[in-house]
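Heads up: the sequence shown begins at -14 in the numbering used here, then just goes up one per residue.
Ideal Cβ positions, reconstructed from N, Cα and C, are used throughout, including at glycine.
Source: prediction; values computed, not measured.
Each remark here refers to the structure printed beneath this line.
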Amino acid sequence: MTVTVRQRRLVRPTRIPATVAVTAGNIALLLIVTANGAIAARSLGAGLRGEFVAAQTWATTAGVVLTFGVTQAIVVDAAPARLLRAPLFAHVALSLVLTVGLFALLAGTGLQPWLTAPGVFGAACLAASAVATSHAAGMAQRRGRMAGSFQLVRIVPALAGAVCTAALVAAGERDPDRWLVTLGVVSLVAALGQLAGSGFGPARGAGARGGPGGLLPPRGFATTARRAYVSVIGAQVIYRLDVLLVAVCLASHQVAFYGVAAAVAGACATVSQSTGMVIFSRLRGAALGDARRIILRGTVLSLAVAAAIALPVGLLAAPAIRIIYGAEFLPAVGATRLLLLASIPLAADYLLIHALLAMNAPGAVTRVQAPVAVLTIVLLVAALRGDGLGAVAAVSVVSYTASAFLLLCAVLRKGSARAVPPASAVPSVAEPAERTFPELGIPQQRVRRPGPGPEAGDGAGVGSEAGLSRTTQSPKETK
-14 MTVTVRQRRL VRPTRIPATV AVTAGNIALL LIVTANGAIA ARSLGAGLRG EFVAAQTWAT
46 TAGVVLTFGV TQAIVVDAAP ARLLRAPLFA HVALSLVLTV GLFALLAGTG LQPWLTAPGV
106 FGAACLAASA VATSHAAGMA QRRGRMAGSF QLVRIVPALA GAVCTAALVA AGERDPDRWL
166 VTLGVVSLVA ALGQLAGSGF GPARGAGARG GPGGLLPPRG FATTARRAYV SVIGAQVIYR
226 LDVLLVAVCL ASHQVAFYGV AAAVAGACAT VSQSTGMVIF SRLRGAALGD ARRIILRGTV
286 LSLAVAAAIA LPVGLLAAPA IRIIYGAEFL PAVGATRLLL LASIPLAADY LLIHALLAMN
346 APGAVTRVQA PVAVLTIVLL VAALRGDGLG AVAAVSVVSY TASAFLLLCA VLRKGSARAV
406 PPASAVPSVA EPAERTFPEL GIPQQRVRRP GPGPEAGDGA GVGSEAGLSR TTQSPKETK
């Protein structure tokens, strides 16, 4: 169908705000979390900061693992949003219960002997808040709200945590357990509030279920989540195993140093990945040939942006760490520079993984992640036998580069593969409302039409079971 000049004027401006909003949101998140980490580091010192980071690392990792692929299914599955409200809140509650047991076990076995009852509950709240935030972000992506809701669901919990950190420092509090329970409870309340306002629609309607059965997701939704979960686990092994093993195997002050390195590198990766986020949103409604070109251009752009950020920051790492965190954390400089180098290929992984999943090729992602995960484990075991954090950070350079290269090769091979047609006919933001594109299994965004009539779609932004989208947080959680 011919696209009129009026339709182009209606559609084209939506891309620029999305790019600006996602980039601005990532930069805001970077500033908030960096300031939060710097204040905490100066207040607690290397030893106590290491204990806090160790518990925080376990909480973040547990939160991602306990998503069970649900966040990806939120974005792409065609189940009505109103049927997801109760299952998603039940999932957050289940995550809280499971992580209370996990941290009680860690405290009881001596892996984290500094944890008391408040610390156990606080760390569990941090894990549950990660699940709730991930679900709220998935709901924002599902509805195509990249320029508004998607930014708020990430920034508001981080901002609430920063306010709590400032209050704890002002009160002179230096007990990591009290830090955990304060930050955990506030973050969880903020995340639940964001999830509650995620546009589920009316609680009752066609297909609504009452009683205990209403706490379970639709069967097709659960199937989509199971398919996504394999890639979630693979990503955790590749992207977060180093931080977790450092938290388990090394002394508290070394955990604090590596936490600073991961925070700086993760912040740069977060800003760089805004390119991949926007490029992926533009794949909606694209034909396969166009999608392949978009992916290749997006990969090159993501790598260029990451290099432009990481290389100058790496050169200035020593004075930056001295100014932001204090001279006590200067031993983190070597690991910081290596992780910054690793953040360059990491910036492309977001787009490449999600492009393959959207092409209905989760098996291709698994075939890449499996050998890279094995390589990561072997190299980390060898690196941890040494004394320096540099060897551990160097593993990320090798594994991230291998992952990005193999994923790019897989995209080039799968570029001509046809995906299952989407179950939704919601019009694309890149085309007029009368036309939909079934070539890619990516949920379609709605187009705002002039006049008093309702928007296209049912308000829930339904998508397709053919592809999978967004993993949870940035692979390196910023401390």
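- The Cβ neighbour count for Pro347, taken over all protein chains shown within 10 Å, is at least 16; the residue is labelled buried.
- Rounded to the nearest whole angstrom, the CA to CA distance from Leu325 to Leu360 is 20 angstroms.
- When the Cα atoms are used, Ala213 and Val240 turn out to be separated by approximately 31 angstroms.
- Between the alpha carbons of Val377 and Phe314 lies a gap of roughly 17 angstroms.
- When DSSP states are grouped into helix, strand and coil, Phe53 belongs to the coil group.
- Residue environment: Cys394 is assigned as exposed (fewer than 16 neighbouring CB atoms within 10 Å of its CB, all protein chains considered).
- In the structure shown, Met124 falls within a helical segment according to DSSP collapsed to helix, strand and coil.
- The three-state secondary structure of Gln258, taken from DSSP, is helix.
- The alpha-carbon separation between Leu73 and Arg277 amounts to approximately 34 angstroms.
- It is roughly 11 angstroms from the alpha-carbon of Thr150 to the alpha-carbon of Arg163.
- Rounded to the nearest angstrom, the gap between the Cα atoms of Pro203 and Ile59 is 11 angstroms.
- Counting only runs of 4+ residues, the alpha helix (DSSP H) found wholly inside the segment 298 to 382 occupies 302 to 309, 318 to 343 and 347 to 369, in chain order.
- Collapsing the DSSP output to three states places Gly283 in a helix.
- For Asp227, the enclosing alpha helix (DSSP H) covers residues Arg204 to Cys234.
- Of all C-beta pairs linking the segment 85 to 95 to the segment 143 to 157, fewer than three are shorter than 8 angstroms, placing the two stretches out of contact.
- Here Gln97 carries a coil assignment [DSSP, helix/strand/coil].
- Contact between Ala122 and Val85 does not hold, since their C-beta atoms are separated by about 24 angstroms, which reaches or exceeds 8 angstroms.
- Contact check for Thr45 and Ala113: beta-carbon distance about 12 angstroms, past the 8 angstroms limit, so the pair fails to qualify.
- A distance below 6 angstroms between beta-carbons, with the five flanking residues on each side excluded, links Ala358 to the following residues of its chain, in chain order: Gly219, Val222 and Ile223.
- Ranked by Cα distance from Phe53, the options Val18, Phe206 and Ala175 are led by Phe206.
- Residues of the same chain with a CB within less than 7 angstroms of the CB of Val396, apart from the 5 flanking positions on each side, are Ile280, Leu337, Ala340 and Leu341 in chain order.
- Note that the segment 293 to 311 touches the segment 22 to 38; at least 3 beta-carbon pairs, one per stretch, sit closer than 8 angstroms.
- The distance from the Cβ of Ala252 to that of Leu15 is about 4 angstroms, consistent with a contact at the 8 angstroms cut-off.
- When DSSP states are grouped into helix, strand and coil, Ala387 belongs to the helix group.
- Asp160 carries a coil assignment under DSSP once its states are collapsed to helix, strand and coil.
- Nearest Cα to Arg398 within the set Met344, Leu200 and Leu364: Met344.
- Of Ala20, Gly30 and Phe106, the smallest CA-CA separation from Gly157 is found for Gly30.
- Contact check for Gly184 against Ala66 passes: the beta carbons are separated by less than 8 angstroms.
- Shown here, Gly184 sits in coil according to DSSP, grouped into three states, outside any helix or strand.
- With a contact defined as Cβ atoms closer than 8 angstroms, Ala332 and Trp43 miss out at about 26 angstroms.
- No Cβ-Cβ contact shorter than 8 angstroms links Ser328 with Ala293.
- Taking each of Val350, Glu36, Ala152 and Ala289 in turn and checking the Cα distance to Pro98, the smallest one comes out for Glu36.
- When rounded, the separation of the alpha-carbon atoms in Val166 and Leu111 is 8 angstroms.
- In the three-state scheme derived from DSSP, where H, G and I count as helix and E and B as strand, Ala64 is classed as coil.
- At least 8 angstroms separates the beta-carbon of Leu301 from that of Ala379.
- Scanning its chain for C-beta atoms nearer than 6 angstroms, with the 5 sequence neighbours on each side dropped, one finds around Gly48 the residues Ala112, Ala115 and Val116, in chain order.
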